[in-house]
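A.B. asks: To start, I am sharing the structure in question, which I have written as structure tokens.
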Amino acid sequence: MKKVFKKMSAAIVSGLMCTVPALKINSAIAEETEKKNTYIVCNTAQDSNIAYFDFEFIFSSKVTAEKSIATTLCNSGYFRSNVVGNRIQSTYNGDAIGSKGILTTTKFIAPIDTKSIFDEIEYRAVIRNENNISLSPTAITVKSILLGDANQDGVVDDNDVSAINKYLISSTKFPLSEDGLLAADVNMDGKIDSKDSMSISNYNLGVFNHF
């Protein structure tokens, strides 16, 4: 009888040990398939004399991020960006950029219930001109775009697909706002086309969980 009891106890323990990894795997799968918000944070130059900037994003454990991407405004100098742990460090050093506009874009992926990506990230920057004189912190402004939110109503849904399709029929009759244009380019290839509306449609259907 004792031997039978020992065998039953061993079987129960073994079963429990097998269940724990299974629960962890199922939890990981659920986390990977849960729909998320994708934000693009734009660093925009408000001063054409910027010749050096060094900025840092520190993001929470709820967020994943990619290194910053420079626009053509940074073509007259050296730019680098790296992600280390929960920090993104980006630096430009060169000639004055010469005009105002978006300097860099940075992608952040956050839980779907995130109201603002700025609740999950911190930002700090050093900005100088060609004479190595510090410029005002407002020389670069920061804003976030919810990728896919073409109609700028704060959510990504089939209304955004419709807004893009109408825009493609007639951009004059059915224009998108400046931020709407940025949000509509979900594959970030520099243009808005049917690939973007199809991607948003697939996102809404759950084919993939973020852009």
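Numbering of the sequence shown is given in this note's numbering, commencing with residue 22 and proceeding in unit increments. Glycine included, C-beta positions come from ideal geometry on N, C-alpha and C.
1. Using the three-state DSSP reduction, which class does valine 182 fall into: helix, strand or coil?
2. Taking C-alpha atoms, which residue in Ile148, Lys88, Gly98 lies nearest to phenylalanine 80?
3. With DSSP run on the structure shown, which of helix, strand or coil describes glutamate 55?
4. How about the region 168-177 and the region 106-120: do they share at least three Cβ pairs that are nearer than 8 Å?
5. Grab me the residues of serine 48's own chain with a C-beta within less than 6 Å of its C-beta, minus the 5 sequence neighbours each way, in chain order.
6. So, is the C-beta of threonine 126 closer than 8 Å to a C-beta in chain D?
7. Check for me: the alpha helix (DSSP H) holding asparagine 223 runs from which residue to which?
8. By the three-class DSSP mapping on this structure, what secondary structure does threonine 126 have?
9. Quick one, which of Leu189, Glu77, Ala72 has its alpha-carbon nearest isoleucine 142's?
10. I need the DSSP call for lysine 88, collapsed to helix, strand or coil.
11. Considering just the uninterrupted stretch of the beta strand (DSSP E) at leucine 167, what are its terminal residues?
C.D. replies: By the coordinates alone:
1. helix
2. Lys88
3. coil
4. No, the region 168-177 is not in contact with the region 106-120.
5. Low per-residue confidence applies at serine 48: pLDDT is 46, beneath 50, and the placement is therefore not dependable, though the value from the model is reported in the following sentence. Within the same chain, serine 48 has no close Cβ partners at all.
6. Here there is only one protein chain, and chain D is not present.
7. 215-226
8. strand
9. A check of alpha carbon separations from isoleucine 142 across Leu189, Glu77, Ala72 identifies Glu77 as the nearest.
10. coil
11. 161-167
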